[in-house]
Amino acid sequence: MLALYRSPIGRLLLRPLVSPGVSRLAGALLDTRLSKILIKPFARRNAIDLSEVLPEKWESFNAFFTRRLIPGARPVDGAADALIAPCDGFLSVVDLAETGEFHVKGIPYTLGSLLQDEALSGEFAAGLLLIFRLTPSHYHRYCFVDDGNFVGARSIPGLYHTVRPVALEKEPVFCRNHREYAVLETRHLGRIVQIEVGAMLVGRIVNARTEGAFARGEEKGKFEFGGSTILLLLRKGKIEVEKSTGEVPVRMGQRIGRVRNAQSD
């Protein structure tokens, strides 16, 4: 993977690998019954904790990859002032400039190129961007971070670069990869945007719905095979999140920040 992003020949070979066609083919193969032979070696190699997995008969590798957990495996912090993680993964926090510009691993981005909606981008200028990077070993279902209602939803077609650091250091992955986002009006956090980004060799995004009301901790969707990323956009001054110089491991439902001036329920 390193060579593909750091050499001219590698980048040439990379082009077909990140195409939607290759992603669809990989997804189709991992949906077959034959793909079940991959489950046991994958679980061993990635140290999957099977004790927290809901027992069931998996008919394909993707069925295992999107496995459900037993009740209580991911407790959700229900405090009014809690911002919770929408998924398992590695969290990093990025400050957004007044212009909507930001950097990830030294690569420049703008909210406009990420969302492809300048008016919406302006709402979140100078706010916070939370990046949750999932690896293949993580639990790949994700939830809503608060009670609320959908304002709108959008799907943006794109490529399927890996979300490993080696790619993030070379490409504006979040603006080039396929992504889906929802604008959500929430009870305690105000208006937020939750973005799911697909990744190399599937990273297929399956959202349960795109309208109506939802509850904190309710399942929003899942990623099929591939490392993937969830981005949360938060308005300026609304949330306090402890910042770190690197990525911090988090689990879905755990408190990762505090809502300023939250009203008790």
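Residue numbering for the sequence shown follows the working numbering, starting at 44 and increasing by one per position. Glycine residues also receive a C-beta, built at the ideal position from the N, C-alpha and C atoms.
- Following the DSSP letters along the chain, one finds E144 in no alpha helix (DSSP H) but inside the beta strand (DSSP E) bounded by residues E144 to V147.
- Of the candidates E228, Y224, N250 and T229, Y224 places its Cα closest to the Cα of I238.
- Leaving aside the five residues that flank N250 on each side, the residues in its chain whose CB is nearer than 8 Å to its CB run, in chain order, A196, E223, A225, E239, K263 and G264.
- At least 8 Å separates the beta-carbon of E166 from that of R67.
- The DSSP-derived three-state label of P292 is strand.
- DSSP, reduced to helix, strand and coil, places N220 within a strand of the structure shown.
- Of the candidates A122, I91 and L72, the residue whose Cα lies closest to the Cα of H231 is A122.
- Counting the other CB atoms within 10 Å of its CB gives R76 a total below 16, which places it among the exposed residues.
- Scanning A125, L93 and G115 for the CA closest to the CA of K281 turns up A125.
- Taking the Cβ atoms as the reference, V284 lies roughly 20 Å from L211, outside the contact range of under 8 Å.
- Taken in chain order, the whole beta strand (DSSP E) runs of length 3 or more contained in the segment 131-171 are 132-138, 144-147 and 150-153.
- Taking 8 Å as the cut-off, the Cβ atoms of N89 and P208 do not count as close.
- Here DSSP, grouped into helix, strand and coil, assigns S180 to coil.
- Taking every protein chain shown into account, the CB of G143 has 16 or more other CB atoms within 10 angstroms, so this residue is buried.
- Within its own chain, the residues whose Cβ lies closer than 6 Å to the Cβ of Q297, once the five positions on either side in sequence are excluded, are A128, listed in chain order.
- F266: member of the beta strand (DSSP E) spanning E262 to F266, first to last residue.
- When the beta-carbon positions are compared, G241 and S271 come within less than 8 Å of each other.
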